[in-house]
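Protein chains in written order, with the working numbering: chain A, 21 to 219; chain B, 21 to 219. Glycine is no exception: its CB is placed at the ideal position from the N, C-alpha and C atoms. Keep in mind it's a predicted model, so treat the numbers as computed, not measured.
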């Protein structure tokens with residue numbers, strides 16, 4: 021095929037490249053706006069090739085969201101050998117940075133929870149679970165009792181942080197450091213408000 | 021028509037009754053599952069009458085979500101002549117009660133944010149704005165400075181509370197009072213974590 025001669029990429033590599041190009045479109049447009057036709061034009065490949073790889077627009081969206089999610093989780097991965105609160109600070113600093121550098125990706129991920137496609141919602145939900153687990157690990161290491169309420173509180177704080185990041189980091193010019201400090205204070209405050217009854 | 025003779029309702033009343041029946045189906049099934057056919061059977065009216073009133077399944081969903089949202093906002097309306105923290109306690113107590121008494125409605129509302137229909141999402145978003153305004157009013161009355169960060173914090177806390185209500189009030193047998201107290205402590209902690217810099 022013409023495309024194979026031009027780029028000489030192995031199919032896996034070509035597929036990854038197409039997905040990355042799809043993620044890049046999130047900078048300017050929400051996931052819903054991404055179509056097979058548009059990506060075919062951008063990539064200079066045939067619609068047929070995209071249908072061959074992704075099956076449908078829905079299939080394309082799922083892979084794009086998965087790649088966007090993994091990109092965010094990788095960029096904000098905790099540094100294991102830091103002390104708990106330093107690790108939290110480092111993760112939150114990179115999270116705010118990611119949100120500002122990749123605002124469209126972050127927005128699509130958070131609002132991907134608002135996708136009509138249950139598989140897309142599930143991919144986004146997994147990111148929340150992972151982020152909650154990271155925060156829960158910090159407070160357990162700090163010696164908080166592992167209660168149902170603590171876990172509910174910190175999972176709920178992830179929803180809080182998403183909203184605060186959209187409203188603070190995306191829609192205002194507030195200093196990143198100020199947002200990071202607010203997130204740190206708020207998560208410690210929420211954890212403290214759980215109390216220490218073991219329930 | 022047969023239905024008119026049987027029930028002798030004015031069209032407005034009949035329409036409200038159909039919407040209420042639609043809201044009632046949320047007890048057992050999510051909004052997505054509600055169809056014109058199903059509601060026609062439940063109400064003992066023709067599909068044609070439902071199409072006449074609502075135009076489409078989407079139109080039906082919008083009215084059902086609107087009625088569900090207004091039901092929740094009414095049930096949790098602040099009692100104006102209470103002092104700020106007592107008013108907060110009263111609102112949160114009735115919120116937890118509403119969530120437990122109408123779990124399907126609440127779930128559909130919160131997950132209605134996950135609807136593929138922008139109009140349904142907008143209806144749900146308006147409920148969040150209203151709930152945030154209620155909480156913001158409490159803390160301004162308590163004398164907190166009206167900063168951008170306070171508003172972001174409390175709007176984000178509404179997302180926190182939704183998640184905590186789903187996880188705490190819907191999926192556990194935790195005492196309602198314990199959930200109310202946790203919500204009160206968490207919102208005060210979040211407000212306090214804003215700090216008092218006027219930004």
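Point to revise | Segments of 4+ residues assigned as alpha helix (DSSP H) that fall wholly inside the stretch 159-209 of chain B | key: List check, alpha helix (DSSP H) in window: 168-184.
Review point. CB-CB under 7 Å to residue 152/A, same chain, minus the five flanking residues each way: which ones, in chain order?
Key: In its chain, beyond the 5 residues on either side, 174, 175 and 178 have a beta carbon closer than 7 Å to the beta carbon of residue 152/A.
Check your understanding: Can you tell which of 131/B, 206/B and 76/B has its C-alpha closest to the C-alpha of residue 148/B?
Key -> Cα-wise, what sits closest to residue 148/B is 131/B.
Check your understanding: Who are the near neighbours of residue 219/A in its chain, counting only those whose CB is closer than 8 Å to its CB and skipping five residues on each side?
Key -> Interpretation of residue 219/A is limited by its pLDDT of 46, a score under 50 that renders its predicted location unreliable; no figure is taken from the coordinates.
Check your understanding: By Cβ distance below 6 Å, which residues in the same chain neighbour residue 139/A in space, the five residues on each side in sequence not counted?
Key -> Here the set comprises 82.
**Study point:** Buried or exposed (CB count within 10 angstroms, at least 16 for buried), residue 185/A
**Key:** Flag for residue 185/A reads buried.
**Study point:** Check whether residue 87/B and residue 43/B have beta carbons under 8 Å apart
**Key:** Closer than 8 Å, so yes.
Check your understanding: Going along the chain, which residues of its own chain have a beta-carbon closer than 7 Å to the beta-carbon of residue 162/B, five neighbours each way excluded?
Key -> Within the same chain, and ignoring the five residues on either side of residue 162/B in sequence, the residues whose Cβ sits closer than 7 Å to its Cβ are 104.
Check your understanding: If you drop the 5 nearest sequence neighbours on each side, which residues of the same chain put their C-beta closer than 6 Å to that of residue 115/B?
Key -> Contacts found: 96.
Exercise for review: Give the residues from the stretch 75-104 of chain A that approach chain B closer than 9 Å (Cβ to any Cβ), ordered along the chain.
Suggested key: Taking 9 Å as the Cβ-Cβ cut-off against chain B, none of the residues of the stretch 75-104 of chain A qualify.
**Study point:** Nearest-angstrom beta carbon gap, residue 107/B and residue 213/A [assumed within contact, 8 Å]
**Key:** Taking the Cβ atoms as the reference, residue 213/A lies roughly 19 Å from residue 107/B, outside the contact range of under 8 Å.
Exercise for review: Return the residue from the list 193/B, 64/B, 101/B and 92/B that minimises the CA-CA distance to residue 128/B.
Suggested key: Measuring from the Cα of residue 128/B, the nearest candidate turns out to be 92/B.
Check your understanding: Under 8 Å between C-beta atoms, does residue 36/A make it to chain B?
Key -> Not an interface residue.
Review point. Using CA coordinates, which residue listed in 209/B, 120/B and 34/B is at the minimum distance from residue 192/B?
Key: Taking only the C-alpha atoms, the option nearest residue 192/B is 120/B.
Point to revise | First through last residue of the alpha helix (DSSP H) which encompasses residue 136/A | key: Note, residue 136/A: premise wrong, no alpha helix (DSSP H); not H, not E.
Review point. Which chain B residues sit within Cβ distance under 8 Å of residue 213/A?
Key: Result: 202, 205, 206, 208 and 209.
Check your understanding: residue 89/A: buried (16+ other C-beta within 10 angstroms of its C-beta) or exposed?
Key -> Counting the other CB atoms within 10 Å of its CB gives residue 89/A a total of 16 or more, which places it among the buried residues.
Check your understanding: In terms of alpha-carbon separation, which member of 76/A, 210/A, 136/A and 74/A lies closest to residue 266/A?
Key -> Nothing can be reported for residue 266/A, as the shown portion of chain A is limited to 21 through 219.
Point to revise | Positions along the stretch 151-164 of chain B whose CB lies within less than 9 Å of some CB in chain A | key: Result list empty, no residue passes.
Review point. Is it buried or exposed for residue 183/A, if we count other Cβ within 10 angstroms and need 16 for buried?
Key: Its Cβ being crowded by 16 or more others within 10 Å, residue 183/A is buried.
Point to revise | Extent of the continuous alpha helix (DSSP H) run through residue 97/B | key: Annotation: residue 97/B is outside any alpha helix (DSSP H) and is labelled neither H nor E by DSSP.
**Study point:** Endpoints, alpha helix (DSSP H) assigned at residue 106/B
**Key:** Here the alpha helix (DSSP H) through residue 106/B covers 104-121.
**Study point:** Partners in chain A for residue 56/B, counting only beta-carbon separations shorter than 8 Å
**Key:** Chain A residues near residue 56/B: none, gap ~19 Å exceeds 8 Å.
Review point. Can the beta-carbon of residue 172/A be found less than 8 Å from the beta-carbon of residue 188/B?
Key: Residue 188/B is positioned such that its CB atom lies closer than 8 Å to that of residue 172/A.
Point to revise | Min CB distance residue 32/B to chain A below 8 Å | key: Among the CB atoms of chain A, none fall inside 8 Å of the CB of residue 32/B.
Exercise for review: Tell me, please, whether the CB atom of residue 168/A is closer than 8 Å to any CB atom in chain B?
Suggested key: Any Cβ of chain B closer than 8 Å to the Cβ of residue 168/A would place that residue at the interface, and such an atom is present.
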